[in-house]
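This report refers to the structure that appears directly beneath it.
2 protein chains.
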Amino acid sequence: MATIHDVAARAGVSPATVSRFLRGQRVRSAEAIQAAVDEMDYWPSATAQSLQSGRTHTIGVVVPDITNPYFAAVVKGMESVTRHTDYRIQLANTDESSEREDAVLAEMIRRVDGIILAPATEQDQTPMYVRDAGVPLVFVDRDLLGGEHFDAVLVNNTKGGRQAGEHLLSLGHTRIAAISGSQDTTPGRCRREGFVQALTAAGVEIPPEHDLVGDFREESGYQLALSLLSLPEPPTAIFSANNLMTLGALKALHDLRTDIPGEISLIGFDDLDTGPLLRPPLTVVDRPMVEQGALAMRLLLRRFEDQYANDDARRIILDTKLIERASTAPPRKPRTAAGAGRTGRGRQR
Amino acid sequence: MATIHDVAARAGVSPATVSRFLRGQRVRSAEAIQAAVDEMDYWPSATAQSLQSGRTHTIGVVVPDITNPYFAAVVKGMESVTRHTDYRIQLANTDESSEREDAVLAEMIRRVDGIILAPATEQDQTPMYVRDAGVPLVFVDRDLLGGEHFDAVLVNNTKGGRQAGEHLLSLGHTRIAAISGSQDTTPGRCRREGFVQALTAAGVEIPPEHDLVGDFREESGYQLALSLLSLPEPPTAIFSANNLMTLGALKALHDLRTDIPGEISLIGFDDLDTGPLLRPPLTVVDRPMVEQGALAMRLLLRRFEDQYANDDARRIILDTKLIERASTAPPRKPRTAAGAGRTGRGRQR
DNA sequence: CTGAAAGCGCTTACAG
DNA sequence: CTGAAAGCGCTTACAG
């Protein structure tokens, strides 16, 4: 590959002049240099430029699982903004593992200008380490305990959980179960809290055997739904706290030939491309996905502009939205559980 | 950030010695150096190492759409192998655009050690340019006309298309339609060819108005299915050539309240995570996904080993597999179309 | 085993 | 406007 020296020699100037020309400065021998560049098919070495400038022009993106449609959409959103800049994305998957995340982050620090991260747990310490290294960091989807000093694009998970709970209550359910995500994760914890809040506010209790915690993966949704259905008194409604667990739960219900929503109502968190096409079409709490990724990337790129570099952390909290489809309905035989009474809001379909 | 000079100064040795120690060579002042490294939290600059070695240790991955579950799975497969190496992945989305692909590739050439690409069209010239630049290139999912000199991990698309056609024929269908993918793409062309081959071999003709070509996106599947259903004599069965278009077709059929498979059978290409949960569960031609990505990455990494660097191109062609679910069935009122006769293989459900 | 020196391919004050 | 020189942070023959 040709270097700037080769081009300079050919054009009869010094490397410095070629460099200046390439960066848009006025030079006398512009045509000669351009010709040399063309003939030799010269492209500056990004590595040499990086060493010189201290900038890599790459953004590290660390997500738990790229095959989760939510994260795929988020990454697409990020890509849609970098595509108009001269930044590129370096992608890493952590499989929800903190160790893996530590390893990834440690080596990214020296290779990227900034990082967008969906941390594996709220307790992660590595992000502090990243900040100390002077690498701008933005959280997406998930937060850190005490992470207020970092930029973040999140969703109002508590409200989302509440929406799910209130929806089931409004249909008249009182025997309600939750399949929550990892509790050391912002969305896992908050969605459950919001959900329980809604029930509590309505005087509906959620017994421990209905209050299950999974790990955001399909398999755990499957297993927990199975265990729920094998209870002596199974719930009449289930809230599942992410797309993958909802799919797992749906599979379990199908395997058991459960009638949805006849025997049991199911509400999920995060819509799916196939949501309306499923058996039955899924009622879900939806939220922006591609937009979340785009916003996170914009937040990060701002940090590279001197005027914003030292701004206070920006925390963007987006709203969730209930999408009612056919997987939820009033319970078939409304029971008057002791103390629960008529908790519904009177809305019927 | 500490540099190797800082560490050397602190340990009382020369930078060269620190460098040797770091690379595992025996040195006298090992402990002193290790201590300095720890205290200063020193990590070598990847950029400086790259400039020196000429290797970036990053792999460029270029796909048309990361939110297509097939490509998400492929990327995950790649990640599962790089994770055990010291290579990382730089990801780019092309949105099926050749121009975008050209741009991405052009700048990747100077930044990565190798590239895995699912080319936007079979006519792409850029890959030749990549090869001329001395950057190893592996195709995944899609091939290039005259691309035999490149490593590739593909699938037997022709056979897959044939399987789809034979399945519909075996059910007794004779009024059959195809929604194909871009015809300047390997999978788009081959799947259609295989499909048509199967019909032709059985003496079944596919009229032009049933032989539709889309662009692998959901919207085109939707529109084309719509147009198929509005025909005076709509088909009794549709083959849709990828996951997204199948979803689109399914949506169209739902919107028209079409009974599947009663009025119309639908068979897709590429399974979905939600495949069994859809209304109705989808019959599809399936193929390995994660494995395809992993294999492509292994092929590429081999090129970095001297012993294999100059081997002939390795072309891995994987097999497809029919998964029969509930979206296909015999046509409701088998017509004896002139010349078609009983083309079924006699199998009935 | 170790250090001084050169070099990887750029960019940018510093003089002119 | 332009060139020589120094420097970005490493690594590696070359002597010793």
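Chains as they are written, first to last, in full-length UniProt numbering: chain V, 1 to 349; chain P, 1 to 349. Even for Gly, the Cβ is constructed at its ideal location relative to N, Cα and C. As the structure is a computational prediction, the values presented were derived from the model and not from experiment.
*asked:* Spatial neighbours of V/T200 within its chain, please: C-beta separation below 6 angstroms, excluding the five flanking residues on both sides.
replied: Position 200 of the first sequence, counted from the start, is the residue given in the question as residue 200 of chain V. Cβ within range, chain order: n/a, list empty.
_Against chain V, with Cβ distances strictly below 7 angstroms, would P/I66 count as a contact?_
Stepping through the second sequence from its first residue, residue 66 of chain P is reached at position 66. Closer than 7 angstroms to some Cβ of chain V, the Cβ of P/I66 qualifies, so yes.
*asked:* At the 7 angstroms Cβ level, is V/G344 part of the contact set with chain P, yes or no?
replied: Translated into the one-based positions of the first sequence, residue 344 of chain V becomes position 344. Because V/G344 carries a pLDDT of 40, less than 50, the predicted location of this residue cannot be relied on, and no value is offered for it.
*Apply the 10 Å Cβ neighbour rule to V/S240 and answer buried if 16 or more other Cβ atoms are within range, or exposed otherwise.*
For the purposes of this step, residue 240 of chain V is taken as residue 240 along the first sequence, with counting starting at 1. It is buried - the Cβ of V/S240 has at least 16 other Cβ atoms within 10 Å.
*Could you spell out the range, first to last residue, of the alpha helix (DSSP H) harbouring P/G268?*
Sequence index remark: in the second sequence, residue 268 of chain P carries index 268 (1-based). Not the alpha helix (DSSP H): P/G268 falls in the beta strand (DSSP E), residues 265-269.
_So if DSSP puts V/I115 in a beta bridge, which residue, or which two residues, is it bridged to?_
Residue 115 of chain V sits at position 115 when you count from the first residue of the first sequence. DSSP lists V/G60, V/L137 as partners of V/I115.
*Closer than 7 angstroms by C-beta to V/R142: which residues in its own chain qualify, once you throw out the five before and the five after it? Chain order, please.*
Mapped onto the first sequence, residue 142 of chain V falls at position 142. Only A118, P119, T185, T186, P187 meet the Cβ criterion.
*Spell out the partners DSSP gives V/V284 in its beta bridges.*
As a position in the first sequence, residue 284 of chain V is number 284, starting the count at 1. Answer is V/G268, V/I323.
_Any chain V beta carbon closer than 7 angstroms to P/S19_ = Translated into the one-based positions of the second sequence, residue 19 of chain P becomes position 19. Answer no: the Cβ-Cβ gap between P/S19 and chain V never drops below 7 angstroms.
*According to the neighbour-count rule (16 or more other Cβ atoms, all chains shown, within 10 Å of its Cβ), is V/M245 buried or exposed?*
Reading the first sequence from its first residue, position 245 is the one you call residue 245 of chain V. Under this definition V/M245 is a buried residue.
_Extent of the continuous beta strand (DSSP E) run through P/L154_ = The residue labelled residue 154 of chain P in the question sits at position 154 within the second sequence. Residues 151-155.
*Are the beta-carbon atoms of P/P234 and P/S327 separated by less than 7 angstroms?*
Counted from its first residue, the second sequence places residue 234 of chain P at position 234. Counted from its first residue, the second sequence places residue 327 of chain P at position 327. No, they are not a contact pair.
*For the alpha helix (DSSP H) that P/S80 lies in, which residues bound it at each end?*
Taking the second sequence and counting its residues from 1, one reaches residue 80 of chain P at position 80. Element bounds for P/S80: 69-82.
*asked:* Taking a contact to mean a Cβ-Cβ separation below 7 angstroms, would you say V/S265 touches V/A225 in this structure?
replied: Locating residue 265 of chain V in the first sequence gives position 265, where the first residue counts as 1. Locating residue 225 of chain V in the first sequence gives position 225, where the first residue counts as 1. No.
*Pull up the distance between the alpha-carbon of V/F150 and that of V/R314, whole angstroms please.*
As a working note, residue 150 of chain V is residue 150 in the first sequence. As a working note, residue 314 of chain V is residue 314 in the first sequence. Distance from the CA atom of V/F150 to the CA atom of V/R314, rounded to whole angstroms, is 7 angstroms.
*Does the segment 29-43 of chain V come close enough to the segment 7-17 of chain V to have 3 or more Cβ pairs within less than 8 angstroms?*
With contact defined as three or more Cβ pairs closer than 8 angstroms, the segment 29-43 of chain V and the segment 7-17 of chain V are in contact.
*Does the beta carbon of V/A2 sit closer than 7 angstroms to a beta carbon anywhere in chain P?*
Against the first sequence, residue 2 of chain V aligns to sequence position 2. For V/A2, not one C-beta of chain P is nearer than 7 angstroms to its own C-beta.
_With three or more beta-carbon pairs closer than 8 angstroms as the criterion, would you say the segment 212-223 of chain P touches the segment 245-255 of chain P?_
yes
_Across the segment 94-109 of chain P and the segment 158-167 of chain P, are there enough close Cβ pairs to call them in contact, namely three or more that are closer than 8 angstroms?_
No: the two stretches stay apart, fewer than three of their Cβ pairs being nearer than 8 angstroms.
*In terms of alpha-carbon separation, which member of V/G160, V/A32, V/R131 lies closest to V/V13?*
Position 13 of the first sequence, counting from 1, holds the residue named residue 13 of chain V. Ranking the options by Cα distance to V/V13, first place goes to V/A32.
*asked:* Which residues does DSSP list as the beta-bridge partners of V/A177?
replied: Here residue 177 of chain V corresponds to residue number 177 of the first sequence, with the count starting at 1. Per DSSP, V/I238.
*Return yes when the Cβ of V/N243 is within less than 7 angstroms of the Cβ of V/Y87, no when it is not.*
As a working mapping, residue 87 of chain V is identified with position 87 in the first sequence. As a working mapping, residue 243 of chain V is identified with position 243 in the first sequence. For V/Y87 and V/N243, no; Cβs fall outside 7 angstroms.
*On a CA-only basis, which of P/V63, P/T283, P/R23, P/L231 is nearest P/V138? Give me that one, please.*
Residue 138 of chain P sits at position 138 when you count from the first residue of the second sequence. For P/V138, the nearest C-alpha among the options comes from P/V63.
*What is the rounded straight-line gap between the Cα of V/N68 and the Cα of V/N93?*
Position 68 of the first sequence, counted from the first residue, corresponds to residue 68 of chain V. Position 93 of the first sequence, counted from the first residue, corresponds to residue 93 of chain V. Answer to the nearest angstrom: the Cα atoms are 11 angstroms apart.
*What residues in its chain sit with their C-beta under 6 angstroms from that of P/M1, if we drop five residues either side in the sequence?*
Residue 1 of chain P sits at position 1 when you count from the first residue of the second sequence. So no residue of the chain qualifies.
_Could you compute how far the alpha carbon of P/T126 sits from the alpha carbon of P/A152?_
To locate residue 126 of chain P, count along the second sequence from 1; it is residue 126. To locate residue 152 of chain P, count along the second sequence from 1; it is residue 152. One C-alpha to the other measures close to 16 angstroms.
_Taking a contact to mean a Cβ-Cβ separation below 7 angstroms, would you say P/P136 touches P/G172 in this structure?_
Walking along the second sequence from the start, residue 136 of chain P turns up at place 136. Walking along the second sequence from the start, residue 172 of chain P turns up at place 172. No, Cβ-Cβ distance for P/P136 and P/G172 is not below 7 angstroms.
*Candidates V/G161, V/I179, V/R303: which alpha carbon is nearest V/H57's?*
Residue mapping note: residue 57 of chain V aligns to position 57 of the first sequence, counting from 1. Ranking the options by Cα distance to V/H57, first place goes to V/R303.
*Where do the ends of the beta strand (DSSP E) carrying P/L318 lie?*
By 1-based counting over the second sequence, the position of residue 318 of chain P is 318. Unbroken beta strand (DSSP E) run through P/L318: 315-318.
*Just the chain V side, please: which residues come within less than 7 angstroms of P/V75 by C-beta, in chain order?*
Sequence index remark: in the second sequence, residue 75 of chain P carries index 75 (1-based). Those within 7 angstroms of P/V75 in chain V are I66.
*Helix, strand or coil for V/L171 per DSSP?*
Residue 171 of chain V sits at position 171 when you count from the first residue of the first sequence. Correct three-state label for V/L171: coil.
*Where does V/K76 land, buried or exposed, given buried means 16+ other C-beta within 10 angstroms?*
For this step, residue 76 of chain V is matched to residue 76 along the first sequence. With 16 or more other Cβ atoms within 10 Å, it is buried.
*Smallest Cα separation from V/Q123: which of V/I109, V/R189, V/D65, V/E107?*
Here the question's residue 123 of chain V lines up with position 123 in the first sequence. Selected option, being the one with the closest Cα: V/R189.
*Three-state secondary structure (DSSP) at V/I66?*
Here residue 66 of chain V is taken as the residue at index 66 of the first sequence, counted from 1. Taken through DSSP and simplified to helix, strand or coil, V/I66 comes out as coil.
*asked:* As a quick exercise: from P/L278, P/V155, P/N310, P/H254, pick the residue whose alpha carbon is nearest that of P/L318.
replied: Numbered from 1 along the second sequence, position 318 holds the residue referred to as residue 318 of chain P. Distances from the CA of P/L318 to each of P/L278, P/V155, P/N310, P/H254 were compared; the closest alpha carbon is that of P/V155.
*Skipping 5 residues on each side, what residues in its chain have a beta carbon closer than 7 angstroms to that of P/V130?*
Within the second sequence, residue 130 of chain P is the residue found at index 130, counting from 1. Closer than 7 angstroms at Cβ, skipping near neighbours: L105, I109, I115, L137.
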